[in-house]
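Down below is the structure, laid out as structure tokens.
There are 4 protein chains.
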Amino acid sequence: MFGSSIGNIFKITTWGESHGKAVGVVVDGCPAGLPLSEEDIQIFLNRRKPGQSPYATPRNEDDQVEILSGVFEGRTTGTPISMMVWNKTARSADYSEIASYYRPGHADYTFDEKYGFRDYRGGGRSSGRETIGRVAAGAIASKFLNTLGIRLHAYTSSIGSVAIDENRKDFSDIFNNPLNMPDKEAALQAEQLLQEMMANKDSVGGTIDCEITGLPSGIGDPVFEKLDANLAKAIMSIGSVKGVEIGDGFQVTSAFGSENNDAFYIKDNKVTKKTNHAGGILGGISDGSPIYLRAAIKPTPSIFQTQQTVNKDGENIDIQIKGRHDPVIVPRAVVVVESMAAITVMDALLANMTSRMDHIVKFYKG
Amino acid sequence: MFGSSIGNIFKITTWGESHGKAVGVVVDGCPAGLPLSEEDIQIFLNRRKPGQSPYATPRNEDDQVEILSGVFEGRTTGTPISMMVWNKTARSADYSEIASYYRPGHADYTFDEKYGFRDYRGGGRSSGRETIGRVAAGAIASKFLNTLGIRLHAYTSSIGSVAIDENRKDFSDIFNNPLNMPDKEAALQAEQLLQEMMANKDSVGGTIDCEITGLPSGIGDPVFEKLDANLAKAIMSIGSVKGVEIGDGFQVTSAFGSENNDAFYIKDNKVTKKTNHAGGILGGISDGSPIYLRAAIKPTPSIFQTQQTVNKDGENIDIQIKGRHDPVIVPRAVVVVESMAAITVMDALLANMTSRMDHIVKFYKG
Amino acid sequence: MFGSSIGNIFKITTWGESHGKAVGVVVDGCPAGLPLSEEDIQIFLNRRKPGQSPYATPRNEDDQVEILSGVFEGRTTGTPISMMVWNKTARSADYSEIASYYRPGHADYTFDEKYGFRDYRGGGRSSGRETIGRVAAGAIASKFLNTLGIRLHAYTSSIGSVAIDENRKDFSDIFNNPLNMPDKEAALQAEQLLQEMMANKDSVGGTIDCEITGLPSGIGDPVFEKLDANLAKAIMSIGSVKGVEIGDGFQVTSAFGSENNDAFYIKDNKVTKKTNHAGGILGGISDGSPIYLRAAIKPTPSIFQTQQTVNKDGENIDIQIKGRHDPVIVPRAVVVVESMAAITVMDALLANMTSRMDHIVKFYKG
Amino acid sequence: MFGSSIGNIFKITTWGESHGKAVGVVVDGCPAGLPLSEEDIQIFLNRRKPGQSPYATPRNEDDQVEILSGVFEGRTTGTPISMMVWNKTARSADYSEIASYYRPGHADYTFDEKYGFRDYRGGGRSSGRETIGRVAAGAIASKFLNTLGIRLHAYTSSIGSVAIDENRKDFSDIFNNPLNMPDKEAALQAEQLLQEMMANKDSVGGTIDCEITGLPSGIGDPVFEKLDANLAKAIMSIGSVKGVEIGDGFQVTSAFGSENNDAFYIKDNKVTKKTNHAGGILGGISDGSPIYLRAAIKPTPSIFQTQQTVNKDGENIDIQIKGRHDPVIVPRAVVVVESMAAITVMDALLANMTSRMDHIVKFYKG
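Residue numbers (our numbering), protein chains in the order written: chain A, -8 to 357; chain B, -8 to 357; chain C, -8 to 357; chain D, -8 to 357.
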């Protein structure tokens, strides 16, 4: 079955394998008239580009995006926007060995089980490289949202046991350290942790937070197209994500109702909330407060320690993975989380335009 | 926009408000030839029926399901299965007061913002009563899955600070205590907590776990129709859920790759895994191990303490909620989580049948 | 696979068999705030109600609709609208015979081939009774469209060889004859034809036209959600329809470009067209002119003459169909065609609201 | 709203404008293990390639396809197949003039009305060049269907008033004349008609027939995913199509039931039909007989005669269209009709695999 599309009105379809010719995305349903250039996309892609820090794979792709359709004279036309990045440093030879066995923590085994065989070169379609299409689409969604005054900030909130300190949180730091943490001190500690871990040929996980501000109330469609339900799907669809939280997330499970309920009050003649345990979503619909979401990222499964696994002949074997790998996935996944959140929110905003007769009558009759 | 349907091949559409005439569901895409009776559905509905314990709303609905279509001579026909439950004890008068203000932690405000007005009686569409349709559909999906040897077990894993002990876990206990915990001792402790909490006019949250066994490998469609992504959406779409985990969930964020990777090995000539941190899903595709998922449930927002909020005239007011409410949502939500998981897995199993040429050729050419 | 839903934003799901308990529809995605009563629906259902003329089945159902959800205090709430009609005069016994053989021109054989067995009572799901759900939903769509000044007029344009005369066409006649023809004289001729045909135990086909006026330009989404493509699907999905035309339809095949092109010109400062061979759609998008579509309806397959067919034991047999049947389907299908057209146009109008940045910015920023 | 995707399980998404950088398609949901090469695609693309006869546009594109993903070691992998053709002879300058006015019979006006502006170069997205993506996807669907013994034959059945003679019909002639007619004599007459018409700077329409043989019974999903409904949509979505017929099409409207019903009988121990007025579809489900469908194609709107229209300043003007145009669309659209039919049938075949419990149990339990 098809599985590479997401969205109801703003729909993206990603394609491409890690060591195929190229990777890309078709973005359909983008409204006409949005100013858009390859530079807008490139800024986002550069945030996930490999080879930029000691904590990212040394695979050195320049990841230059090409817009092939849907933009005319600097603006989107309402037709599908096709974007592509060539795979320039594909090195299939590096991967010929993994054709014969199943790497622990990877999708080698499950792809073989599902499809009967797989493009084993660098994970094929289950590679992190697939996210290039998501990020290119996310750049468009972000530009759309910014036009409406909606901002997204995703960042690394923890690496292994090192978490940021809310008191030190400063969004301007996010791009000033290789780990994309909004807390310089935590970033330094995390770098130290990573150095030790790399010496041990090991890897580590972490968390990514995303805050969305400026979103009007009323966004999200009960009961299965709830904003939080679609965010959960979008985020969980990113490889390596094993958990998603909205607002206080799992903390609510030990909270009392009297603590967890966010009291409404009037401020500047507007309904607002004294707290935001709910993370800006009530009944699947945005309430005008900031949206908070968090993703749990697993440690990179490709580690250089000896590991036990099985080969295609059904034998138990020991392996040592080679190739180019990120010792930690979290920092490069930050822009992916932000992109998927942007795509989801944009789709929900468009859907919401059709919710009320008074709005529709005004739209068509003026 | 439509929002009341979920599923790609096996699609359910729920309808109905808490104090409207009835609630129901249309289940479309169910294969022909599945034996099905109203009794099959009723067993599931009885698990979420109100009025069965001191920890559930005293609203006394018998929730008798009626199958209106799609079943002939005891078997599904392949056509849509329409199921309905009448709302017999709707008491709109109880709710006239809440028409004028926004209850904290509820969707009153967001529905008004989205739609301009709302059916305020008992939460209308955002009521837990909407889940009747999900559970009726879940009963069908469970029967389908059982036929293939796939079993789901959902249960309360914690209430507030009281968690079950893995060493005492016994699935046969789940239905033997009003909290649906697979651990008698924990259930007694949790009951005590609930008694105290009810004395304080407060409420509490908890977690629900779901285990799925017998699922073959290969189920789930990369990259946006991943099994875990769709489970996350299905579970997060349940009112009151604020977090979802697959496998080790947020624990992976502080684990090392060497700990978190599940080593493959050969057992009885079959590929299996030594551990199951992944919760049975790799790259969005089932790996043949049990699926583990967990949901975070918030405390019931309807508490009997005085709360601050605003009314529709834009005034800050104090309120005391009346009516019939569950002091804890978790136990009654167990069957809802199990149902949404069953629906998602059934849909993915059907989708998977179209994945391989060799299977398709065999299907059509024999 | 699911197959009982249609629509991208305004989505309807029909359910129910001819001789099951009831038939119905769930309408999801209807904007909040549309005034709606059971009377609005009943007016439409009465147009397809059986037993109203000598040319319709004598099955005497009153077809009273019940709205079960989605309407509160006389207006739609934005949540799913569930509507139902009980089958009161189901007479399964009439149909026990057809369990054993395949009626020519009916779906008995294909349902058995697809599903392994079928609800044989009165055609089950393939009965014309399924269209009750479509018409109930069409009543809502029509009310929505009327609010925006958009009107639909469907009518019988021919029965057998008797076609209406464009010079005599008068919409006010449509409801003044049992054949729903906008031409009194043609209606009389067609009645005569039907009398002869009924004497011969035979049946006959015909055409239904539908005109849609007041539709703004810009409606329809290239390239697969074109307005004409979706109209074609919606109309062809009605049982007995074997052809669909937009504008001049098959006449364009022998026309020259110089004849078929509709010249644009300025009238009252507005772009308009001198002719309308295109039927109001260019490139799949409405051009502001009236939409014209036409459906080809086959003769009722249930005829009382002796027919040859096969039974389930694989024997060639002669049969004589009994039961209650329409000698001509066309007149009762008129409101079905109008309903499906209304549903399609409403869906496209909603979709179109998300097409342009300037409109979106105005919607959200004022 | 998105509009460039079609299909429920086998889903294609086309992109690209006539004079943009490239055109292409992403094919998602293709089963793994289908042998596929660029040559397979090229054969189909060559059938629609321009510049091959005096009756096709002289625009000389080589239309070489590139497969960018989804194929590994000569077989499809189950992941999305991205295919692209570069636009090599785009000549925007040719089209600068049409930026300022609306060509009759084209989508210039409706695109401007919908999106506020348009890529005016050669029709942009509404150009026939968009069909390259459809044909590339159709080549895959055809290969899939051929593997199952299902064959499609589309051909020109009439050009203007010149129709083929059923008695002379010979499929082997289809590729032996520039008009793709399965009747040499008719082709010669039609060529003469075209010569005259071209001398008059005019254009003409025609019909395309498509026959599908070898399709098993049971394909198609009631009531909105009927095989004929989806074929109607797929065919009507092709630019220039104004009508679609299944089986006898509009001829049924003047037939009697006794003529139009296809009697079943037993032949070689198999249920078959004595006639096939139904065109192989009953109740939206294939009955095992050949599928017959017909499309009405309008005359090319780009004619070289002087035409009246309006410009963007709202003035009535006379224009003379320049550029490279097909004097008749029909022959080049033959492979597009065949492709859209193949895509639709493949999708329905995959969907059908999930229809019956006995088949599903066998699939998963053996």
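Note that CB positions come from ideal geometry on N, CA and C, so glycine has one too. Please read these numbers as outputs of a predicted model, since none were measured by experiment.
Ser44 of chain A bridges to which residues according to DSSP? When beta bridges are read from the DSSP output, Ser44 of chain A appears opposite no residue.
Leaving out the 5 sequence neighbours to the left and right, which residues in its chain are closer than 7 Å to Pro173 of chain A when beta-carbon positions are compared? Here the set comprises Tyr146, Ile155, Lys160, Asp161, Phe162, Asp164 and Ile165.
Considering only DSSP beta bridges, list what Ile203 of chain C is partnered with. In DSSP, Ile203 of chain C forms a bridge with C:Leu143 and C:Ile282.
Just to confirm, are Val126 of chain B and Arg50 of chain B a CB contact at a threshold of 7 Å? The Cβ atoms of Val126 of chain B and Arg50 of chain B do not sit closer than 7 Å to each other.
Starting from Leu36 of chain D, find everything on chain B with Cβ-Cβ shorter than 7 Å and list it in chain order. Those do not exist, as Leu36 of chain D stays about 23 Å from chain B at its closest Cβ, beyond 7 Å.
From which residue to which residue does the alpha helix (DSSP H) around Phe35 of chain B run? Looking at the DSSP string, the run of the alpha helix (DSSP H) that includes Phe35 of chain B is Glu29 to Arg39.
CB of Pro292 of chain D within 7 Å of CB of Asn343 of chain C, strictly: Not in contact: Pro292 of chain D and Asn343 of chain C (Cβ atoms no closer than 7 Å).
For Thr297 of chain D, count neighbouring C-beta atoms within 10 Å of its own C-beta (all shown protein chains included) and say buried if the count is 16 or more, exposed if not. Exposed, by the Cβ-count rule.
CA-to-CA distance, Gly305 of chain C to Lys261 of chain D, given in whole angstroms: When rounded, the distance between both Cα atoms is 8 Å.
Which of helix, strand or coil does DSSP assign to Ala324 of chain D? In this structure, Ala324 of chain D counts as helix in the three-state DSSP scheme.
Mind pulling the chain A residues with CB within less than 8 Å of Asn171 of chain B? Within chain A, no residue comes near Asn171 of chain B; the closest Cβ sits about 15 Å away, beyond 8 Å.
Quick check on Ala190 of chain B: buried or exposed, where buried means 16 or more other Cβ atoms within 10 Å of its Cβ? Label assigned to Ala190 of chain B: exposed.
Cross-chain neighbours of His97 of chain D in chain G, by beta carbon under 8 Å: Among the chains of the structure shown, chain G does not appear; the protein chains present are A, B, C and D.
Does DSSP put Phe215 of chain C in a helix, in a strand, or in coil? Residue state, collapsed to three classes: coil.
For Val17 of chain A, which residues in chain D fall below 7 Å Cβ to Cβ? Within 7 Å Cβ-Cβ: Thr4, Trp6 and Val17.
Consider the Cβ of Asn158 of chain C: report whether some Cβ of chain D lies at a distance smaller than 7 Å. No, Asn158 of chain C does not count as interfacial toward chain D.
What residues match up with Asp253 of chain B in a beta bridge as DSSP calls it? Answer is none; Asp253 of chain B lacks a bridge partner.
I'd like the list of long-range same chain contacts for Ile123 of chain D, defined as Cβ closer than 6 Å, with 5 residues on each side in sequence excluded. Closer than 6 Å at Cβ, skipping near neighbours: Val14 and Val76.
Are Cys201 of chain C and Ala333 of chain C closer than 7 Å when you measure CB to CB? The answer is no: Cβ separation not under 7 Å.
With a threshold of 7 Å between beta-carbons, can Asp338 of chain B be considered close to chain C, or not? False, the Cβ-Cβ gap to chain C never drops below 7 Å.
Where Glu30 of chain A falls, given that 16 or more other Cβ within 10 Å makes a residue buried: Classification of Glu30 of chain A: exposed, given that the 10 Å Cβ count is below 16.
Near Glu8 of chain A, what residues of its chain come up, given a Cβ to Cβ distance below 6 Å and the 5 sequence neighbours on each side ignored? If we look at Glu8 of chain A and ignore the five residues flanking it on each side, its Cβ neighbours are Asp110, Gly115 and Arg116.
Report the three-state DSSP secondary structure of Gly15 of chain B (helix, strand or coil). Three-state DSSP puts Gly15 of chain B in a strand.
In chain order, each alpha helix (DSSP H) run of at least 4 residues that lies wholly inside the segment 112 to 198 of chain B: Within the segment 112 to 198 of chain B, the complete alpha helix (DSSP H) runs of at least 4 residues are 122 to 138 and 175 to 190.
Candidates D:Leu340, D:Val18 and D:Pro26: closest to Ile210 of chain D by CA position: It is D:Leu340.
How many Å lie between Leu185 of chain D and Ala47 of chain D at the Cα? Leu185 of chain D and Ala47 of chain D: Cα-Cα distance of roughly 11 Å.
Within 9 Å of chain C by C-beta, residues of the segment 278 to 289 of chain A in sequence order: The residues in question: there are none.
DSSP-derived helix/strand/coil call for Ala342 of chain D: Looking at Ala342 of chain D - three-state DSSP - the assignment turns out to be helix.
Can you name the residues of chain D whose CB is closer than 7 Å to the CB of Ile155 of chain C? Near Ile155 of chain C there are no residues of chain D at all, since even the closest Cβ is about 13 Å away, more than 7 Å.
Give the single residue among A:Leu179, A:Arg112, A:Val327 and A:Asp349 whose Cα lies nearest to the Cα of Phe63 of chain D. It is A:Arg112.
Using the C-alpha atoms, what's the distance from Ser346 of chain D back to Tyr93 of chain A? Cα-Cα distance, rounded: 34 Å.
Quick check: what's the CA-CA separation for Gly274 of chain B versus Ala132 of chain C? Approximately 43 Å between the Cα atoms of the pair.
Kindly indicate if chain C contains any beta-carbon less than 7 Å away from that of Asp110 of chain B. Chain C, which has a Cβ nearer than 7 Å to the Cβ of Asp110 of chain B, makes this yes.
Tell me whether the beta-carbon of Pro71 of chain D lies closer than 7 Å to the beta-carbon of Ile351 of chain B. Not in contact: Pro71 of chain D and Ile351 of chain B (Cβ atoms no closer than 7 Å).
Report the three-state DSSP secondary structure of Lys258 of chain D (helix, strand or coil). Note: Lys258 of chain D maps to strand in three-state DSSP.
Using a Cβ cut-off of 8 Å, pull out every chain C residue sitting near Ala13 of chain B, in sequence order please. Correct list: Leu59, Ser60 and Ser73.
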